[in-house]
Every structure is written in structure tokens, then in C-alpha cells.
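Engineer: Residue numbers (this note's numbering), protein chains in the order written: chain L, -19 to 237; chain H, 12 to 437.
Virtual Cβ for every residue (Gly too), placed ideally from N, Cα, C.
My questions all concern the structure below.
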Amino acid sequence: MSAPPLLALHGVCKRYGAVEVLVDIDLEIRAGQVVALLGDNGAGKSTLVKVISGVAPADRGVIEWKGRQVHVRRPGDARELGIATVYQDLALCGNLDVVGNLFLGREIRRYGFLDEMEMERRTQRLLERLTRAVPELRAPVVSLSSGQRQTVAIARSLLGDPRLILLDEPTAALGLQQTTEVMDLVDELRDRGMGVLLISHNMGDVKALADRAAVLRLGRNNGFFDVNTASQEQIIASVTGATENAPRRHTHQEAAW
Amino acid sequence: MVKGTPDTADGSRTGPSPASGARAAPRRPALARSLERWGAFARRRLRAGELGSLPVVVVLAIVWITFQSLDDSFLSPRNLSNLSVDIVGTGMIAVGIVFVLLLGELDLSVGSVSGLAAAVFAVLNVNNGVPEWLAVIVAVLAGTAAGAVQGYSFARTRVPAFVVTLAGLLTWNGLMLYVLGSSGTINLDANGLVAALTGYYFTQDAVAYAVAALAVALVFLVPYQDMRRRVAARMPHRSLRFVVARAAGLAVVAFAAAFVLNRFQGLPLALLIFLVVVAGLDTVLRRTRYGRQVYALGGGVEAARRASLGVTRVQTAVLAVSGTMAAIGGLFLASRITSVSQSSGTGVLLLNALAAAVIGGTSLFGGRGSTWSAVLGMLVIQSIASGMAITDTPAAVQFMITGGVLFAAVVIDALSRRSQEAYGRA
């Protein structure tokens, strides 16, 4: 038996009021692996991200981190484990500058006061690694372009040296060149042994980057695929519901991997 | 004070290796060049929606020039000195409101809380013989408690703060009337501690000048140290010329103020306390983790929550600060008239404090502003009131003019917010 997966979900359920958004979700992400999370609109992808990141904790089910059962009740819990998230809406504070956003909630202090210089230095270093067009560090984020904001959001998630990173449609608002930048970055993260959960509607990206794909449909698991062997048609059929896989069968499928 | 940008475009910073391209340009008179640079700077700031305190300074200048031309006793040392004491009570309250505005919320209870604190002090000290220092502490803590209760209810129920504090406005006003009981008006000890808050002046000239010198030294040394650290770390930094120019600008204002105040009765204790509190809270907001969290909540509650900030804690604390400042302001207001009555904390007090914060440049939409806007806004409001009194203009006109200024401030706020967003999309 190999090392336990970085993150494993078993039978996770989440409901908003009377609506069951997630039912009996299973998922595994290993270190050095990019898992694509696919599904139509309303399939529960973003909710699953929020469950893992502690924004909307699961109602039932087990979350295992490196084989050990953990409770993720608040965003801080996930951060402490080493799970970082780039939300679809980016969740940046528009009035704060780039440095302020990056270090929000983990400010560096010197004699009890904020150490702006040190934070600015680390921001500069991190952004230079991520992108060729480093935005103005002291400009409020609201005045940046959407591509720059995406870069800031990704940089923020990388700041705490996470082991697992959740990317909720990171390229949806980006142009061609920035999409390439993000995709290169995901590749690099995998090479450094991080786990990546990537939500994307772009099958091209998924085929190019992901090792495995997990499909959600109407809040349930609807198939797991090895992206290298499964055909695009197979995966799309699973997303649209042309092939209905009974939820029970996945546990076996999952174990077979 | 907004941090400069890493590039040299706004003239406030230079990179580690400044480009020498400007040298090649045809030489123009230095004045024209620097004016041009300032013009470009102002346009950039205007477009980015970061006007800051520029409009309110312009308004203040207009108000002062107008009243001085109508009656030349307006800018007399006596009137300016009185003005500097009159702004303190309401100004303290406005500082608390700045904190709440930064969250994008409103606190309507500050007037009632200030009256309640004054009543608590008067009843404890005058009617029950509690020592003054103890009565002051209890009164201020009463304000803190009132604010914290409102803050916690607002944070937990997520009812907008203006509704929670509207209920507070009635409740605390009722509690004040209950505390005062049948006594109606209570006169404070004219020689006591609280009376001295607005009655004491440092009559030695040296005190005012020393305070001015200390302020200038701080405003020079803190950025200078920061600059040296950045130079050592090869980071973008402000130019020495900018740091010196800013300190020199403050020096002119501070020493002129000290000179004028000394020509009347010297530095008023009330003004000194006010400026120290404003500067201290400004440091808290800009330089501490707590302050950063306040601004973050104003920029987006959900974003702050996902960055694992304790939203409830910060919101409660902000309303508690506002209640505390309201109580302190209430004591200064009571000190000014050495009495507390059933009308304490009522009337236009709340509106003036709120207007001061907004006129001073703190945004109603949250996330932008500084405690200094309370000082500037109060100066405008009190200058109008004082000028009207000197020129025998009826109060009706005063209300209309103050209303006009407030309206202009809100419009500027909305426009600068819009232009900031449009600038971002470009």
C-alpha cells in the first residue's frame, strides 16, 4: 500500500436549507497530482471547494488529511492543514493594496506594528516568480485588471507554502497569454509535489494538465477517469449525464486505482 | 497618507537605480517642471479616485477666506483658539464614527451614548460624591459597553448596524433620562478635572512650540527610518526630498498654529488630547493588524471571512471603539458648558459628528478614510458655525450651508468611488 492520499473525502454531504447540494461525495487527491473537478453548472463543484476550504463546512462525511481524520470547520482550519484556495470570485478586498491582500490574516509584524517593507519584499519576490507583468504593489486591488487580480489571488494562496491548492475556475476571466501562465504554474506546482484540485470548464486545459478527473452531476459523484486513457467523449458524456454511473460503484472504482 | 508607488511616476519614491531619462529632456525652469509633475500627480490621483483630504482643505480655505473678508475678527487668535477647543467634543465622537464608516456601516447611537456617559459621570460625581477619576472611568466604560453590546448584536444577527444603533439611540437616551432622574440639570464642579479638560491652557509659550517640534520630528523621523531601511534592503522607497518636504509642510502649519494659540492663552489641553488621540488611532488603523482587519472588512466581509479573520470580534470591537469615543466626546462637551442636562447628546450632535467624518473624506461605502478626516471635517463645520455667529447670521442659514457642504462631500465620495472602479476596468 502506497502513502495515504493528501486529501480524501468519504461520504461528504452538504445541504443549504432544504436543498441537498452534495450527496455522498468521495474524492481523493494525491501529492504531485492534478485532479480536475468537472461538472455542469449547479453540479456542486464550488460548494465542494467551500467544504474543503472550511467556508461552508460539511454536514456529514469524513475528511482525511494524509490518512488522518480531520475537522475543517473554519477557513483557518484548512489553512493550518496546508490547504489553500483560489475562489472563483477571488475573495479579494478591493480597497486594500496588493501587499495588504496577500498578507491579510497573516501580517508580518515588527515591534507590534505591521512590517510593510518585509511584506512588500516577499510580495515582489513571489509575484516575479509567477508572472512577467507584476502589478503595482501599492495600488488598491480594485484598480487592477481582472488578470492581475487573478495573479494576486493565486499568489496569496501560495504564500503559506500549502500542500494542496484548490483552484476554482482560475482561467475563466483570463486572456490567452495569462491562461498559459496559470497553466504553466499549475504544472510547476505539481512538479514540486503539491496536490492540485482544478475546476475548469475547458476540456482542453483538463486534458493538457490533469492526471485524473472527477465528475460531479447534480451533487453526486458521476465517475472518475484517468485523463490519459479516457477519451474526451467519455468524460463529457459523464458530465452531461449521458452515462449515469450509480454512486455506489465509485467506491470500488476509486479503490481500484 | 497613501503610500507612494514603486515607480517614480508620482514623484514620492525613487527606485534603487533612478532612470536618468529626465536629464536628457530640454531644460525648463524648475518651477514649471515641478508644477507640471504635481499636476500630473493630482490628475492621476483624481482618476484613481484617491482625492483624500484635498477637497476638504480647499473647502476649509474658502470658508476661512470668506468669513475673514466679512469680519476680520474671524481669524483672530481668540476666535481660532476657541474654535480649536469647540471642535474637540464632537470631533472625538466623529473619530469613533470614522471606525464604523470604515466598515461601511453607520452608528446612529453616538449622540445618545455621549449624553449617557455625561449623565453617568455627573450623577456619580456630583450627586453621589464618587471621586472624579473613578467617575470618568465608569462613564467611559459605560460607553464602551453600550457600543460593544450593539456591535455584538450587529455582528451576530447581521442586522445592519444603523438599525441596531437606531434602537440604541432610543434605548441609551431613555437610560440617560432614567439615570438623571428628576434632577434635570446637574452643574459640574467648575474647578474639577472634567472642567479642566476644556478649560485648561498651557500658558507658557514653550509648551506649544515644543509640541509642534515633537510632531514635526516624528513626522520626519518615522518615514526617514523606513526609507533608510528600504535603501539598505534595496527596495523602492520615498525620496529624501519628499520626506523632508512633508515634514517641512507640517512644520509651517504646526508652528503657525502654535504662534497663533500663544497669542491668546496658549495651547489648549483639549486640543492636545484630541490631536494625540487622533494620531494614536490613526496609527492603530494604518500600522496594526487590527486596523488592517477593519479596512479589510470595509473592502469585503466575505473576503475577510475567507482570509480567516474573526469577523464578529472585529465588528464588535469597532462599535465598542465608537461607543468609547462617543463617551469621551460627551465628557468634553459637558466640560465645555460645565453642566449635564436632559438635552445632553441630543439635537444636531449626531448629525454634526457624522457630517464631520464624511466631509473630512471618509467614505460612506466603507474601506476608505482616516481619523484625520474627523479633525478636518469638524474644522469646516465649526468654522461655519463660528463664522455665522460672528456675522450674526441666523442658524437657519447655517444649517443650510452645512447641509450643502455635506451634500457636496457625499457627491465627491460617490464620484471618486465610481471613477476608481472605472479606472480599474480600463
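1) With 8 Å as the threshold, decide whether the Cβ of H/Thr373 is near any Cβ in chain L.
2) In the DSSP assignment, find the alpha helix (DSSP H) that holds H/Tyr306 and state where it starts and stops.
3) If the cut is a Cβ gap below 7 Å, which residues of chain H does L/Arg59 touch?
4) Mind pulling the chain L residues with CB within less than 9 Å of H/Tyr163?
5) Using a Cβ-Cβ distance cut-off of 8 Å, determine whether H/Gly22 contacts chain L.
6) Is the stretch 95 to 110 of chain H close to the stretch 332 to 352 of chain H, with three or more CB pairs under 8 Å?
7) Taking a contact to mean a Cβ-Cβ separation below 8 Å, would you say H/Arg379 touches L/Asn81 in this structure?
8) Please compile the residues from chain H whose C-beta is within a distance smaller than 7 Å of the C-beta of L/Phe241.
9) Can you check whether the C-beta of H/Ala33 is within less than 8 Å of a C-beta belonging to chain L?
10) Taking the alpha carbon of H/Ala281 as the reference point, which residue from H/Ala41, H/Ile73, H/Arg316 and H/Met103 has its own alpha carbon closest?
11) Report the residue ranges of all alpha helix (DSSP H) runs contained in full by the stretch 324 to 396 of chain H; include only those spanning at least 4 residues, in chain order.
12) What would DSSP say about L/Gln157, mapped onto helix, strand or coil?
13) State the beta-bridge partners of L/Leu2 as determined by DSSP.
14) Output the distance between the C-alpha atoms of L/Met97 and H/Phe231, rounded to the nearest integer angstrom.
15) With a 10 Å radius around its C-beta and 16 neighbouring C-beta atoms as the bar for buried, classify L/Gln212 as buried or exposed.
16) Could you work out which residue in H/Phe376, H/Ala419 and H/Thr335 is closest to H/Val160 when comparing CA atoms only?
17) Check whether chain L comes within 8 Å of H/Gly309, counting only Cβ atoms and requiring the distance to be less than that.
18) Run the CB neighbour count on L/Ala222, radius 10 Å, all protein chains shown included, and call it buried at 16 or more, exposed below.
19) Buried or exposed for L/Met240, please, with buried defined as at least 16 other CB atoms from any protein chain shown within 10 angstroms of its CB.
20) Within its chain, find whatever has a CB closer than 8 Å to the CB of H/Leu204; leave out the 5 residues flanking it on each side and keep chain order.
21) Return yes when the Cβ of H/Gly341 is within less than 8 Å of the Cβ of H/Gly356, no when it is not.
22) Measure from the C-beta of H/Glu143 to each C-beta in chain L and report whether the shortest distance is under 8 Å.
23) Using DSSP with H/G/I as helix, E/B as strand and the rest coil, what is L/Phe204?
24) Excluding five sequence neighbours on each side, which residues of the same chain lie with their C-beta closer than 7 Å to the C-beta of L/Gln68?
25) Answer with buried or exposed for H/Leu188, where buried requires no fewer than 16 other C-beta atoms within 10 angstroms of its C-beta.
26) Taking the alpha-carbon of L/Lys30 as reference, which of L/Ile179, L/Asp95 and L/Ala11 has the nearest alpha-carbon?
27) Name, in chain order, the residues that DSSP records as bridge partners for L/Ala(-12).
28) Could you list which residues in chain H have their beta carbon closer than 7 Å to that of L/Leu72, in chain order?
29) Considering only DSSP beta bridges, list what H/Pro279 is partnered with.
30) With L/Val195 as the anchor, note down where its beta strand (DSSP E) starts and where it stops.
31) Contact defined as beta carbons within less than 8 Å: I believe L/Gly12 pairs with L/Gly140. What is the distance between those atoms, to the nearest angstrom?
32) Determine the closest residue to H/Leu91 out of H/Met238, H/Val271 and H/Ala259, with distance taken between C-alpha atoms.
33) Going by C-alpha distance, which of H/Trp75, H/Thr214, H/Ala396 and H/Pro88 is nearest H/Val359?
34) Counting only the same chain and skipping the five closest in sequence on each side, list residues whose C-beta sits under 7 Å from that of L/Lys46.
35) Any idea if H/Met238 is buried or exposed, counting beta-carbon neighbours within 10 angstroms, 16 or more meaning buried?
36) Just the C-alpha distance for L/Thr65 and H/Val175, rounded to the nearest angstrom, thanks.
Structural biologist: According to the data block:
1) Taking 8 Å as the CB threshold, H/Thr373 stays off the interface with chain L.
2) Its alpha helix (DSSP H) spans residues Arg300 to Gly310.
3) Under the 7 Å cutoff, chain H gives Ser319.
4) What H/Tyr163 touches in chain L: nothing, since even the nearest Cβ is about 19 Å away.
5) With a pLDDT of only 40 at H/Gly22, under 50, the local geometry of the prediction cannot be trusted, and the value read off the model is given with reservation. For H/Gly22, the nearest beta carbon of chain L is not closer than 8 Å to its own beta carbon.
6) Contact check between the stretch 95 to 110 of chain H and the stretch 332 to 352 of chain H: three or more CB pairs, one atom from each, fall below 8 Å, which counts as touching.
7) At a Cβ-Cβ threshold of 8 Å, H/Arg379 and L/Asn81 do not count as neighbours.
8) This structure leaves residue 241 of chain L out entirely; chain L is present only between -19 and 237.
9) With a pLDDT of only 40 at H/Ala33, under the threshold of 50, the placement of this residue in the model should not be trusted; the figure read from the coordinates follows. Taking Cβ atoms only, chain L never reaches closer than 8 Å to H/Ala33, which makes this a no.
10) Out of H/Ala41, H/Ile73, H/Arg316 and H/Met103, the CA that lies nearest to the CA of H/Ala281 is found in H/Met103.
11) Positions of the alpha helix (DSSP H) runs, each at least 4 residues long and wholly inside the stretch 324 to 396 of chain H, are given as 360 to 370 in order along the chain.
12) In the structure shown, the three-state DSSP call for L/Gln157 is helix.
13) Answer by DSSP bridge pairing, in chain order: L/Lys(-6).
14) In this model, L/Met97 and H/Phe231 are separated by some 18 Å (Cα to Cα).
15) Counting Cβ neighbours within 10 Å, L/Gln212 comes out exposed, since fewer than 16 surround it.
16) With distances taken between Cα atoms, H/Val160 lies closest to H/Thr335.
17) Answer yes: the Cβ-Cβ gap between H/Gly309 and chain L drops below 8 Å somewhere.
18) That one is exposed.
19) This structure does not reach residue 240 of chain L, given that chain L is present from -19 up to 237, and the question cannot be answered.
20) A distance below 8 Å between beta-carbons, with the five flanking residues on each side excluded, links H/Leu204 to the following residues of its chain, in chain order: Glu143, Trp144 and Val147.
21) H/Gly341 sits close to H/Gly356, with the two beta carbons spaced by under 8 Å.
22) Under the Cβ criterion of 8 Å, H/Glu143 is not counted among the residues facing chain L.
23) Here L/Phe204 carries a strand assignment [DSSP, helix/strand/coil].
24) Hits under 7 Å: Ser26, Asp148 and Glu149.
25) Label assigned to H/Leu188: exposed.
26) That would be L/Ile179, whose Cα lies nearest to the Cα of L/Lys30.
27) The partner list for L/Ala(-12) (beta bridge, DSSP) reads L/Glu8 and L/Glu44.
28) What L/Leu72 touches in chain H: Ala314.
29) H/Pro279 is bridged by DSSP to H/Tyr212.
30) Arg192 to Arg197 is the extent of the beta strand (DSSP E) around L/Val195.
31) With 8 Å as the limit, L/Gly12 and L/Gly140 do not qualify as a contact, their Cβ atoms being about 19 Å apart.
32) Nearest of H/Met238, H/Val271 and H/Ala259 to H/Leu91, Cα basis: H/Val271.
33) Nearest C-alpha to H/Val359 among H/Trp75, H/Thr214, H/Ala396 and H/Pro88: H/Ala396.
34) Excluding five sequence positions before and after L/Lys46, the CB atoms of its chain that fall closer than 7 Å to its own CB belong to Pro(-16) and Leu(-14), given in chain order.
35) Burial state of H/Met238 is buried, judged by a 10 Å Cβ sphere holding 16 or more other Cβ atoms.
36) When rounded, the distance between both Cα atoms is 34 Å.
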